[in-house]
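J.:
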Amino acid sequence: MQPKRTKKASTPPSELTHRWYLPEWAALRGKRQADAERDLGWSRAKTSDLWNGKQRYTQESVDEVARWLELRPFELLLPPEEVERLRRLEEL
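Here the sequence shown is numbered in the numbering used here, starting from -18 and rising by one per residue.
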């Protein structure tokens, strides 16, 4: 009989070295937490936890938010100022 494997606990978002920039991007687009809840159909708890970095984002949530904010998914993982610099470089 094989020993039962225990699943490693997920690292809390506050202990990770990288985060997404949902609140910053939303503010630049004139969107609020309540708009995300309504427009994306997320529960209030999920919206609050993702917005405030209490829940880890998933590929699905990154894709949803990127469409909602009209961004490329990877841009949500960078501060808006860095993305603006990258966009200026792409224009050269």
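Glycine included, every Cβ here is placed at the ideal spot set by N, Cα and C.
Would you identify the three-state DSSP class for L(-3), choosing helix, strand or coil?
T.: DSSP places L(-3) in coil when its eight states are reduced to three.
J.: Nearest-angstrom Cα distance between W6 and S(-9)?
T.: Distance between the alpha carbons of W6 and S(-9): 26 Å.
J.: Can you give me the start and stop residues for the alpha helix (DSSP H) that R19 sits inside?
T.: It spans Q14 to L21 - the alpha helix (DSSP H) in which R19 sits, taken as one unbroken run.
J.: Span of the alpha helix (DSSP H) holding E56?
T.: Where E56 is concerned, there is no enclosing alpha helix (DSSP H), given that its DSSP letter is neither H nor E.
J.: For the alpha helix (DSSP H) that R41 lies in, which residues bound it at each end?
T.: Reading off the sequence, residue 41 comes out as Glu, not Arg. Where E41 is concerned, the enclosing alpha helix (DSSP H) stretches over Q40 to L50.
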